[in-house]
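Worksheet for the structure shown next.
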Amino acid sequence: MLEPLLRVENLRIELPTRRGVLTAIDDISFAIAPGEVLGVVGESGAGKSLTGTAIIGLLEPPLRIAGGRITLAGRRIDNLPSEAMRRIRGREIGAIFQDPLTSLNPLYTIGRQLVETIRTHLDLSPAAARDQALALLREVGIAGAEARIDHYPHQFSGGMRQRVVIALAIAANPRLIIADEPTTALDVSIQAQIIALLKRLCRDHGTAIMLVTHDMGVIAETAHRVAVMYAGRIVEIGAVAEIVAHPRHPYTRGLMDSIPRIGGRRQRLRQIDGAMPRLGAIPAGCPFNQRCPEVADRCRRQRPDLLPAAGTEAACWLYDKVLLPAQEAFDG
Amino acid sequence: MSLLDASNPPAWLDGGSWTYPLGTDNQGRDVLSAILYGSRLSLFVGSLAVLLALLIGVTLGLLAGWCGGLTDTIIMRIADVKLSFPAILLALLIDGVVRGMLPRDAQSEIASYVLIAAIALSFWVQYARTVRASTLVERNKEYIQAARVIGVHPAKIVLGHLLPNVIGPILVIATINLALAILTEATLSFLGVGLPPTQPSLGTLIRNGNDYLFSGDWWISIFPGVVLAVLILSVNLLGDWLRDAFNPKLR
Amino acid sequence: MAEPETLLHVEELHRSFDVSLPAIERLMRGKKRATLKAVDGISFTMRRGETFALVGESGCGKSTVARLVVGLYRPTSGRVVFAGQELARLKSRKAAAPLRRRLQMIFQDPYASLNPRWQVKRIIAEPLRTHRLVASEAALRQRVAELLLQVRLSPVDGDKFPHEFSGGQRQRISIARALASNPEFLVCDEPTSALDVSVQAQILNLMKDLQRQLGLTYLFISHNLAVIYQMSDRVGVMYLGRLVEIASAERLFAAPRHPYTQLLLDTIPSIEITGREREPVGGEVPNPINPPPGCSFHPRCPFAYERCRRERPELIDVGGTLVACHAVEEDRLPQARAYTEYET
Chain A
1173 MLEPLLRVEN LRIELPTRRG VLTAIDDISF AIAPGEVLGV VGESGAGKSL
1223 TGTAIIGLLE PPLRIAGGRI TLAGRRIDNL PSEAMRRIRG REIGAIFQDP
1273 LTSLNPLYTI GRQLVETIRT HLDLSPAAAR DQALALLREV GIAGAEARID
1323 HYPHQFSGGM RQRVVIALAI AANPRLIIAD EPTTALDVSI QAQIIALLKR
1373 LCRDHGTAIM LVTHDMGVIA ETAHRVAVMY AGRIVEIGAV AEIVAHPRHP
1423 YTRGLMDSIP RIGGRRQRLR QIDGAMPRLG AIPAGCPFNQ RCPEVADRCR
1473 RQRPDLLPAA GTEAACWLYD KVLLPAQEAF DG
Chain B
170 MSLLDASNPP AWLDGGSWTY PLGTDNQGRD VLSAILYGSR LSLFVGSLAV
220 LLALLIGVTL GLLAGWCGGL TDTIIMRIAD VKLSFPAILL ALLIDGVVRG
270 MLPRDAQSEI ASYVLIAAIA LSFWVQYART VRASTLVERN KEYIQAARVI
320 GVHPAKIVLG HLLPNVIGPI LVIATINLAL AILTEATLSF LGVGLPPTQP
370 SLGTLIRNGN DYLFSGDWWI SIFPGVVLAV LILSVNLLGD WLRDAFNPKL
420 R
Chain C
4 MAEPETLLHV EELHRSFDVS LPAIERLMRG KKRATLKAVD GISFTMRRGE
54 TFALVGESGC GKSTVARLVV GLYRPTSGRV VFAGQELARL KSRKAAAPLR
104 RRLQMIFQDP YASLNPRWQV KRIIAEPLRT HRLVASEAAL RQRVAELLLQ
154 VRLSPVDGDK FPHEFSGGQR QRISIARALA SNPEFLVCDE PTSALDVSVQ
204 AQILNLMKDL QRQLGLTYLF ISHNLAVIYQ MSDRVGVMYL GRLVEIASAE
254 RLFAAPRHPY TQLLLDTIPS IEITGREREP VGGEVPNPIN PPPGCSFHPR
304 CPFAYERCRR ERPELIDVGG TLVACHAVEE DRLPQARAYT EYET
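Residue numbers (our numbering), protein chains in the order written: chain A, 1173 to 1504; chain B, 170 to 420; chain C, 4 to 347.
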């Protein structure tokens, strides 16, 4: 059993407001092994981006980590002073954000931005750093790197810019990359190229990736495991193939059913009525109890933790050991 | 008021009395009363000037932003021309022209209105520019396109949809401008091209008192000056507060 | 049963935008005028009651076509004929009003498509007032309440403001507004692209129900092929301002003809195919200001050759599908493999 590279334990993130303290992330725990791609999927407001932001230490006040711990390769990183965190950022953890347009400084050439990042984390001379930058550009698939290294971001197309952003993220060879919606702003045909690139990098460098997105298709193609988030909690976590084929948690089931697919019957999409509760309106017990087709009384009183559910883990009372035999008969 | 009481110092100094708490000027007029009337006039002139500037600027800005093309170019070039004239110069120009046109006695009656017009004509450009910029942005937003698809009359779109959404920053600028307008009025009156000496405003008071500063009757200028400074400060603070109140990020 | 009438007829539609630098800068830099051909010769027809989808990636011009159809832009050349009349030809607003009443639009961004300062009931009532469709204030309130119920919101929601609603609910309000004038034809510009997946399902289901109940015709714009699979009867694939393939949804998904359509279907990240290893076709959509000569897809096409670089292909009928491709015309493509089983 590989020692996990990143371990998040009982993480809580709070947001103090005038109307009281809201809990944005409520006690989540997961781990990422070296070289693994973990997908974090959820709809808007579920808290997936917030999780990534917290791990990389970029939470904007008044948001704050109110409990739990985050460890990277055995070392705690959630309580580091900002200077120490800054050194980890980039060197050990890289980040890719959604909008390649705003991730790059429009005033500097990409060469300069690359060299700056490389020299911040690695002790190289300017010439050696530039060589490294060229190598990186070639690795992410930018043709004519020698010429393009001195171009400005606006001279690249969207997909190319995202490749540059990826190059920046891997510049110091981090062990973990947090990718927040890296393909959402791109055209469909470009998405496939970027996904292929990320997978290749993961394989060649042994980099672990935490892939945050709302697009289940991207996760199915890229990730090994996936965590499904809802209202600040992880409701299901497990191997991708298993969750896609046999989702256990009622929310995951509803989510899979509502995704339109090509092929098969053209019928009414199954929908989950209602909407995800906003912060401050999350019900007691299981956060999904207002919309769950299989809600029981216990769901309104007690909040379930992740329970083993035949191949994955699901936070649902249906999988409480007492009920499991009956549930298996139901599932068939 | 009597000439016997002329040039009395403020009450707490020798020779002053509490009948005239802040002293009197060279003609025996009570400085305190003059300040009270003067502030009222200054505020009146300032507010109307800003209102008029708003009217002109917002209308032209909306037209320029909505119609685009030639209308936009013409309006913006006029604005550019206006900007090359400093406010004081413009006011001097207008004042001079009007004085030339009218007989003497009519002048003092309408002096305040001429002043209002002069100040308004100096200030409208910034409203026009801001409104035009906001209009250009909002015009392409989908709720405006939806109204066009429905077939709503353009005037209704501009007044009903656009205007409420571009007016926000303008109100803040307007409050801050009020301070500037009062100051401009004071300056112009001080220079002698604003209100006549018979109508006390803070500016004319300061002007009157200026002649006596060096002869030791400092209170005629200083108190109106202090009141002017305090008035401007309060209006500026009001503007700051308004800006923060409208800022959605701070809510 | 009589053949359903032709409701929309688009003929050789062109729309260009002048994207030159301002005159002075142009002179200083010695650059010529630059024109962006957003729509470069589009023709298609729609029958009453059907859903026709336009699909393509960014810069293909589908949103421009939507706005041309609904009259927000005037064509540079070509015609848009709705129910026998050309909207662009009607000069006055009064003359255009009856046509506008029958043809409405739903926009992509649920946050920008509603005036943030207006109450919801005022937003929905606007078409009713503009076209004077109701006689009294009481009738107006009644109609607004009806419309809100029709999109599965509550009549009391009329008193609220847009920011009090979620993205999906705002889209419902947009739909209610579009339905207020009892239109026959709705142009839907990426109506669910900005919504979460489960909310998208609700809105798509609602749209299907409304189409059945009210006999609506939809021009459905999207970049999401899966959504189009669910919603449409016929599909047009656009690339750099031109239509490269038009077919019934059935035929398009089962046997796509044009190499670009095949590329699209190949590259969608798909749930079914977890962990699939595939080499995606390289290249990106070129800059629409300087499109490649000949067939605009040729730089990325694995079947391109000399003729494709010189000559622009026209749409030809191949077994019921309209395709614009020389390779298809000359029957050079390998046997089109079955992509999906399309079932109704």
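Built from N, CA and C at the ideal position, the CB exists for glycine as well.
Runs of the alpha helix (DSSP H) lying entirely within the stretch 114-200 of chain C and spanning at least 4 residues, in chain order: 123-133, 140-153, 170-182. Leaving aside the five residues that flank D1445 (chain A) on each side, the residues in its chain whose CB is nearer than 8 angstroms to its CB run, in chain order, R1463.
The beta carbon of Y114 (chain C) lies closer than 6 angstroms to none in the same chain, with the five residues before and after it left out. Judged by pairs of C-beta atoms under 8 angstroms, the stretch 184-202 of chain B touches the stretch 383-401 of chain B, as three or more such pairs exist. Burial of L1222 (chain A) is indicated by the presence of at least 16 other C-beta atoms within 10 angstroms of its C-beta.
Judged by their CB atoms, L1244 (chain A) and P1206 (chain A) are not nearer to each other than the 7 angstroms cut-off. By the CB criterion at 7 angstroms, P1422 (chain A) and E1466 (chain A) fall inside the cutoff. By the CB criterion at 7 angstroms, I176 (chain C) and I109 (chain C) fall outside the cutoff. Contiguous alpha helix (DSSP H) elements confined to the stretch 14-71 of chain C occur at 26-32, taking only those with 4 or more residues. In terms of Cβ geometry, L131 (chain C) and L143 (chain C) form a close pair [threshold 7 angstroms]. Here V306 (chain B) is exposed, its C-beta having fewer than 16 other C-beta atoms within 10 Å. Taking a cut-off of 8 angstroms for Cβ pairs, the stretch 189-207 of chain C and the stretch 219-236 of chain C touch, as three or more such pairs fall below it. The Cβ-Cβ distance between G1283 (chain A) and I1237 (chain A) does not fall below 7 angstroms.
Taking 7 angstroms as the threshold, the shortest C-beta distance from L1479 (chain A) to chain C does not fall below it. Annotated as proximal: P316 (chain C) and A327 (chain C), with beta-carbon spacing under 7 angstroms. Among the CB atoms of chain B, one or more fall inside 7 angstroms of the CB of N118 (chain C).
Rounded to whole angstroms, the separation of the alpha carbons of A260 (chain B) and A287 (chain B) is 5 angstroms. With a cut-off of 8 angstroms on Cβ pairs, the stretch 1316-1334 of chain A is in contact with the stretch 1281-1296 of chain A, counting three or more such pairs.
Spanning the alpha carbons of K94 (chain C) and A1226 (chain A) requires a straight line of approximately 58 angstroms. It is roughly 8 angstroms from the alpha-carbon of A86 (chain C) to the alpha-carbon of H12 (chain C).
Counting only runs of 3 or more residues that sit fully inside the stretch 1175-1215 of chain A, the beta strand (DSSP E) segments are 1178-1189, 1192-1204, 1209-1213, in chain order.
Taking R1261 (chain A) as the centre and dropping the five residues before and after it, the same chain places the C-beta of I1228, G1229 closer than 7 angstroms to its C-beta, in chain order. Under the 7 angstroms criterion on CB atoms, E307 (chain B) is classed as non-interfacial with respect to chain C. Of the candidates C:E15, C:H17, C:G33, the residue whose Cα lies closest to the Cα of S23 (chain C) is C:G33. Rounded to the nearest whole angstrom, the CA to CA distance from A148 (chain C) to N1345 (chain A) is 60 angstroms. Note on geometry: alpha-carbon atoms of R1263 (chain A) and I1362 (chain A) lie some 28 angstroms from one another. Collapsing the DSSP output to three states places G297 (chain C) in coil. For P1480 (chain A), the three-state secondary structure derived from DSSP is strand. Cβ contact annotation for A316 (chain B) (same chain, cutoff 7 angstroms, sequence separation greater than five): I326, H330, in chain order. R246 (chain B) and N377 (chain B) have their C-alpha atoms some 40 angstroms from each other. Rounded to the nearest whole angstrom, the C-alpha separation of D1477 (chain A) and L1194 (chain A) is 20 angstroms. At least one beta carbon of chain C lies nearer than 7 angstroms to the beta carbon of A315 (chain B). Setting aside the 5 residues that flank it on each side, E1318 (chain A) is surrounded in the same chain by L1306, each with a C-beta closer than 7 angstroms to its C-beta; the list follows chain order. For L364 (chain B) and T38 (chain C), the gap between their C-alpha atoms comes out near 57 angstroms. Per the C-alpha coordinates, the member of B:A324, B:V404, B:I279, B:I285 positioned closest to T344 (chain B) is B:V404.
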